[in-house]
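**Q** Per my numbering, residue 59 is the first one in the sequence shown, and the count goes up by one each step.
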Amino acid sequence: PAARRYAVNLGIAFQLTNILRDLTADAGRGRVYLPAEDLRRFGYAESDLLARRYSPAFVELMRFQAGRARNFFRACRASLGREDRGKLYAAEVMRRTYEKVLARIEACGYDVFRNRVRLPGRQKLWIAGRTWVALRVLP
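(1) Find the nearest neighbour of Ala133 within the set Thr189, Asp96, Arg153, judged by alpha-carbon distance.
(2) Pop quiz: Ala206 and Ala127 are said to be a contact at Cβ under 8 Å. What is the actual Cβ separation, rounded to whole angstroms?
(3) Pull up the distance between the alpha-carbon of Arg172 and that of Val195, whole angstroms please.
(4) Comparing C-alpha positions only, which one of Arg180, Leu160, Ala94 sits nearest to Phe130?
(5) Alpha helix (DSSP H) containing Val175: first to last residue?
(6) Beta carbon of Ala115, beta carbon of Gly101: below 9 Å?
(7) Kindly confirm or deny that the stretch 62-71 and the stretch 134-142 touch, where touching means at least three C-beta pairs closer than 8 Å.
(8) Alpha carbon to alpha carbon, how far is Glu118 from Trp190?
(9) To which residues of the same chain is Leu193 closer than 7 Å at the C-beta, ignoring the five residues directly before and after it?
(10) Buried or exposed, going by whether 16 or more other CB atoms sit within 10 Å of the CB of Gln181?
(11) Cutting at 8 Å between CB atoms, please list the residues of its own chain near Val175, excluding the five before and the five after it.
(12) Just to confirm the assignment: which complete beta strand (DSSP E) runs, minimum length 3, are found wholly within the stretch 61-140?
(13) Considering only residues of the same chain and omitting the five flanking positions on each side of Tyr168, which have a CB-CB separation below 6 Å?
(14) Within a Cβ cutoff of 8 Å, which residues of the same chain sit near Ser113, ignoring the five residues on either side of it in sequence?
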């Protein structure tokens with residue numbers, strides 16, 4: 059049950075992060091994956107997204123969506139038991155990588171229209187190494 063909760067929360071967190079990261083490319087294809095109810099709630103129209111309009115309403119919408127993703131990452135971490143830690147190395151590398159992507163989205167003020175959010179290979183290697191140490195060496 060704990061491993062299943064971990065996997066479900068991780069999958070949702072990944073998908074939410076991907077949606078935020080890929081907004082520009084998806085808008086260019088005429089695709090909108092953010093919930094219509096959230097767009098309405100923040101006063102940001104689908105046409106604004108397709109036109110790639112960066113505005114205070116967009117920032118608030120993105121802050122809300124990022125918070126939603128963070129909550130799933132938090133739930134994921136909370137459901138990972140000590141006995142499962144060593145078995146989930148690849149998943150934990152991915153979790154830490156995606157959390158870093160989300161942090162970059164936040165750090166650029168959510169302006170994914172002007173900033174291509176990605177992690178260089180060396181940073182991914184660093185995350186992989188730190189994760190290995192955290193799971194294998196640290197108690």
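Think of the CB as a built atom: it goes at the ideal place given N, C-alpha and C, for glycine as much as any other residue.
For clarity, every value in this text was computed on a predicted model and none was experimentally measured.
**A** Looking at the atomic coordinates:
(1) Of the candidates Thr189, Asp96, Arg153, the one whose C-alpha sits nearest the C-alpha of Ala133 is Arg153.
(2) Missing from the structure shown is residue 206; the chain here goes from 59 to 197 and no further.
(3) 40 Å
(4) Leu160
(5) Careful: Val175 lies outside any alpha helix (DSSP H) and carries neither H nor E.
(6) yes
(7) yes
(8) 36 Å
(9) Arg143, Gly144, Tyr147, Glu150
(10) exposed
(11) Correct list, in chain order: Arg79, Val159, Arg162, Ile163, Cys166.
(12) none
(13) Val117, Met120
(14) Tyr102, Asp106
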